[in-house]
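Counted the way my numbering counts, the sequence shown spans residues 28 to 745. Shown next, in structure tokens, is the structure this report addresses.
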Amino acid sequence: MKRSLMIFFLLLAMQWAKADEGMWLPYLLGQQVYNDMVKKGLKLTKEQLYSINKASLKDAIIIFGGGCTGEIVSSQGLIFTNHHCGYDAIAGASTVAHNYLKDGFFAKTRQQEIPAARLSVQFLVKVEDVTEQVNDTLEGLSGQERLRLQQQVFADIVKKAVDSTDYEAKVLPMFKGNQFLLFVYQRYKDIRLVAAPPESIGKFGGDTDNWEWPRHTGDFSVFRVYADKNGQPAEYSADNVPLKPKYFLPVSLKGVKENDYAMLFGYPGSTNRYETSYGVNLKTSVENPAIVHLRDIRLKYMFERMKNDPAIKLKLASAYARIANYWKFFDGETRQLLKYNVEEQKREQEAAFEKWAQGKPAYQGLLKDYAKIYEEWRPYAKHRIYINEGILGSPLAAFAASLQAVEKALTQPGMPADAVQKSLQAADKARKAFLEDEDQPSDQKILAATCQQFYTDIAPAQHPIGFYDAVKAKFGNLKDDNTFRLWAAALMHSTFIFNDEKWAAFMAHPDAVTLQTDPAFAYASAFVKNYTGKYLPLHTRFVLQNNDLDRAYMKGLMEMSPGKKWYPDANFSMRLTYGQVKPYEPRDAVHYDYVCTMAGVMEKYKPGDYEFDLPEKYIDLYRKKDFGPYKDAKRNDMVVCFITTNDITGGNSGSPVLNGNGELIGLAFDGNYEALSHKIQFDQVYNRTICVDIRYVLWCIDKLGGATNIINELKIVK
Numbered sequence: 028m029k030r031s032l033m034i035f036f037l038l039l040a041m042q043w044a045k046a047d048e049g050m051w052l053p054y055l056l057g058q059q060v061y062n063d064m065v066k067k068g069l070k071l072t073k074e075q076l077y078s079i080n081k082a083s084l085k086d087a088i089i090i091f092g093g094g095c096t097g098e099i100v101s102s103q104g105l106i107f108t109n110h111h112c113g114y115d116a117i118a119g120a121s122t123v124a125h126n127y128l129k130d131g132f133f134a135k136t137r138q139q140e141i142p143a144a145r146l147s148v149q150f151l152v153k154v155e156d157v158t159e160q161v162n163d164t165l166e167g168l169s170g171q172e173r174l175r176l177q178q179q180v181f182a183d184i185v186k187k188a189v190d191s192t193d194y195e196a197k198v199l200p201m202f203k204g205n206q207f208l209l210f211v212y213q214r215y216k217d218i219r220l221v222a223a224p225p226e227s228i229g230k231f232g233g234d235t236d237n238w239e240w241p242r243h244t245g246d247f248s249v250f251r252v253y254a255d256k257n258g259q260p261a262e263y264s265a266d267n268v269p270l271k272p273k274y275f276l277p278v279s280l281k282g283v284k285e286n287d288y289a290m291l292f293g294y295p296g297s298t299n300r301y302e303t304s305y306g307v308n309l310k311t312s313v314e315n316p317a318i319v320h321l322r323d324i325r326l327k328y329m330f331e332r333m334k335n336d337p338a339i340k341l342k343l344a345s346a347y348a349r350i351a352n353y354w355k356f357f358d359g360e361t362r363q364l365l366k367y368n369v370e371e372q373k374r375e376q377e378a379a380f381e382k383w384a385q386g387k388p389a390y391q392g393l394l395k396d397y398a399k400i401y402e403e404w405r406p407y408a409k410h411r412i413y414i415n416e417g418i419l420g421s422p423l424a425a426f427a428a429s430l431q432a433v434e435k436a437l438t439q440p441g442m443p444a445d446a447v448q449k450s451l452q453a454a455d456k457a458r459k460a461f462l463e464d465e466d467q468p469s470d471q472k473i474l475a476a477t478c479q480q481f482y483t484d485i486a487p488a489q490h491p492i493g494f495y496d497a498v499k500a501k502f503g504n505l506k507d508d509n510t511f512r513l514w515a516a517a518l519m520h521s522t523f524i525f526n527d528e529k530w531a532a533f534m535a536h537p538d539a540v541t542l543q544t545d546p547a548f549a550y551a552s553a554f555v556k557n558y559t560g561k562y563l564p565l566h567t568r569f570v571l572q573n574n575d576l577d578r579a580y581m582k583g584l585m586e587m588s589p590g591k592k593w594y595p596d597a598n599f600s601m602r603l604t605y606g607q608v609k610p611y612e613p614r615d616a617v618h619y620d621y622v623c624t625m626a627g628v629m630e631k632y633k634p635g636d637y638e639f640d641l642p643e644k645y646i647d648l649y650r651k652k653d654f655g656p657y658k659d660a661k662r663n664d665m666v667v668c669f670i671t672t673n674d675i676t677g678g679n680s681g682s683p684v685l686n687g688n689g690e691l692i693g694l695a696f697d698g699n700y701e702a703l704s705h706k707i708q709f710d711q712v713y714n715r716t717i718c719v720d721i722r723y724v725l726w727c728i729d730k731l732g733g734a735t736n737i738i739n740e741l742k743i744v745k
């Protein structure tokens with residue numbers, strides 16, 4: 028009886044929260060979902076959200092870089108996004124003498140804006156459903172044959188879509204390959220840094236506060252997109268002009284209150300909401316713990332160097348931030364999946380599916396097939412993680428492994444005549460980039476520790492043949508930490524990768540023996556070839572079988588519940604989500620408000636601390652209560668961040684948070700720790716999106732940075 032009541036109340040809770048779950052395709056926004064958005068406070072029409080023929084909200088939303096979202100906020104191509112999304116560009120523009128990461132940057136004129144090398148943005152041009160074209164080719168196929176022909180038909184569709192244009196396109200599967208959509212984009216490559224707060228604001232709280240609420244981080248940066256004089260994409264040129272966009276977002280100073288409507292447009296990266304219990308089990312018991320453990324090692328040795336040397340901190344900042352962000356995520360995801368018994372919930376769903384599938388040949392027995400393929404792959408799953416996150420977690424090992432392209436050109440028969448020269452040129456260019464970012468003392472420790480962890484944690488039968496025997500013979504007992512320290516020191520000292528003279532000699536007279544006997548190459552190559560030769564085929568088979576089962580399972584789930592509002596997993600295609608501004612209670616006797624303020628920033632402030640220091644000007648402005656027009660009247664303070672019930676994931680960083688009128692009220696930048704199961708399962712009770720309040724962004728630009736020129740460029744709604 029108690030179990031039945033628990034399930035009943037769980038289902039009831041899902042009904043209450045269903046409107047907030049879902050990453051909806053604006054292109055295919057159903058009337059039922061739209062009606063619910065209007066009920067919650069949306070004032071815009073469907074065509075104002077997404078239109079091909081007229082300017083609409085979708086025209087202001089961009090892919091920023093390779094994995095974030097940004098939005099156009101002025102008629103002159105001004106972009107708002109997160110500080111952590113612009114981090115690489117800010118670091119790249121910085122030097123020890125002009126450290127924009129540390130000190131911030133605010134361009135007062137267009138001439139002061141800094142070109143951001145290698146940064147681009149993409150505008151969505153159109154979306155088309157190409158399911159029929161794809162299925163006509165793939166009907167009845169599975170496994171490798173299906174994948175091969177799918178890639179071919181995708182390429183044909185893309186080629187036709189971009190013919191005689193400067194557009195780019197890609198076909199993305201939806202609903203595990205039961206639907207296919209073509210997305211066409213236009214890419215702009217002349218992007219310039221306009222403003223960024225000091226890192227002590229843009230990253231306030233650091234790793235301690237990451238994924239936590241309350242959060243007091245001013246996670247924003249400002250860029251501008253430039254075009255040629257005809258408004259078309261162009262490489263950087265001093266003659267380029269700011270882009271005049273089809274649409275830009277007005278900026279609201281109204282602030283938020285509890286239960287306000289909140290809508291996000293953006294590019295969520297990936298979710299797997301329809302994962303099976305078998306996948307959840309593998310993730311929580313093998314994959315995530317391995318990732319967390321190996322990233323912990325890498326972060327430890329990087330941080331040892333960064334904390335005492337500003338130049339090293341600047342060099343390693345971007346890599347450290349990327350590793351740290353998902354170190355905490357994977358740890359939290361495991362904890363929440365276990366805490367809320369997600370695997371058991373998946374099993375209950377699967378039991379219901381199996382009951383429904385009886386007598387249906389297309390679906391009967393699917394779960395038994397899942398069990399079989401997971402059982403076959405499980406013994407090798409940790410090995411794969413230890414290659415990617417461990418062995419190749421050393422920057423030196425990762426670069427050395429890339430030299431296999433040179434080895435192939437030197438040794439494989441039938442290669443083109445210019446293959447060696449091209450591979451050498453690519454390797455030389457990659458080495459220059461590697462050396463610019465390399466910190467040998469931290470890398471040497473990472474190299475030793477990850478090699479030792481592989482020896483300790485991976486079954487001996489899966490080790491590269493003879494490798495550890497050779498280490499033992501030359502450096503000592505493999506149970507002794509010092510053995511691996513001595514081995515790593517010798518490798519770093521002997522490799523030609525760090526020796527300009529030896530490298531130049533190899534470039535001038537390349538030969539396979541010199542490359543293959545280099546200790547760094549020999550190390551990386553031994554592990555990578557061992558994996559690719561023996562275990563990668565097993566992983567490929569597992570993935571292909573899993574894809575086929577997923578496609579059938581997803582189709583069956585949708586047939587089983589035809590009245591449900593289905594949405595496809597995130598795959599870095601444009602989505603909108605909607606919800607409300609709401610507080611929450613994460614545990615007994617704890618209540619979290621829906622906003623936090625500068626008073627909280629000052630409570631966390633620790634002079635000289637790596638994560639909680641503040642600029643003197645910031646403190647002075649706060650003490651004077653110099654908040655300008657950005658003050659929240661109800662709080663008599665600056666609201667720094669707020670939370671909503673929106674459904675987001677990685678890739679949504681920088682997404683605009685919009686009110687019911689489509690006005691910008693904040694920038695989404697994080698989720699909350701209590702709901703880090705969100706990639707696998709949306710939490711109807713605890714899920715929150717953490718957003719920096721747009722008024723705080725404007726205060727930082729105006730009062731802290733003195734860049735009133737940027738403020739004057741915006742369309743402010745009071």
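Here a beta-carbon is modelled for each residue, glycine too, at the ideal position from N, C-alpha and C.
Option in the options with minimal Cα separation from residue i
i      : options                        : result
Gly359 : Cys478, Lys456, Trp238         : Trp238
Gly627 : Pro260, Val540, Tyr649         : Tyr649
Tyr700 : Glu612, Asp464, Phe502, Ile350 : Glu612
Gln213 : Asp193, Thr604, Val123, Met201 : Asp193
Val719 : Asp445, Ile670, Glu377, Lys529 : Ile670
Lys340 : His410, Gln58, Ala118, His705  : Ala118
Leu174 : Tyr723, Val684, Arg715, Asn574 : Asn574
Tyr407 : Ala457, Glu465, Gln391, Ala317 : Ala317
Ile218 : Lys327, Ser264, Tyr353, Phe639 : Ser264
Leu451 : Lys459, Phe461, Pro443, Val433 : Val433
Residue i, DSSP secondary structure in three states
i      : result
Trp383 : helix
Val157 : coil
Lys651 : coil
Lys197 : strand
His125 : coil
Gln543 : helix
Gly733 : coil
Thr510 : helix
Thr477 : helix
Ile524 : helix
Asp358 : helix
Met290 : strand
Ile117 : helix
Beta-carbon spacing of residue i, residue j below 8 Å
i      : j      : result
Pro277 : Lys742 : yes
Cys112 : Ser682 : no
Ile414 : Phe554 : yes
Phe292 : Ile89  : no
Ile717 : Arg300 : no
Leu146 : Gly92  : yes
Gly420 : Leu343 : no
Lys658 : Glu285 : no
Ser101 : Glu643 : no
Ala389 : Ala579 : yes
Ile412 : Phe481 : no
Met201 : Leu603 : no
Asp466 : Arg332 : yes
Asp664 : Met629 : no
Buried versus exposed call for residue i [16 or more other C-beta atoms within 10 Å across all chains shown]
i      : result
Thr477 : buried
Trp43  : Confidence in Trp43 is poor, its pLDDT being 38 and thus under 50, which makes the residue's placement unreliable; the coordinate value appears in the next sentence. Answer is exposed; the Cβ neighbour count stays below 16.
Ser600 : buried
Gln178 : exposed
Glu403 : exposed
Gly104 : buried
Supposed close pair residue i, residue j - CB separation, criterion 8 Å
i      : j      : result
Ala500 : Thr438 : Ala500 to Thr438, Cβ: 27 Å. No contact.
Gly576 : Gly170 : Note on identity: in this sequence residue 576 is Leu, with Gly being the wrong assignment. Between Gly170 and Leu576 the Cβ distance is about 11 Å, and since that is not below 8 Å, they are no contact.
Asn308 : Glu262 : No, Asn308 and Glu262 are not in contact; Cβ-Cβ is about 49 Å, not under 8 Å.
Lys409 : Ile485 : 6 Å
Phe356 : Leu694 : The Cβ separation is near 19 Å, so there is no contact.
Any chain B beta carbon closer than 8 Å to residue i
i      : result
Val319 : Here there is only one protein chain, and chain B is not present.
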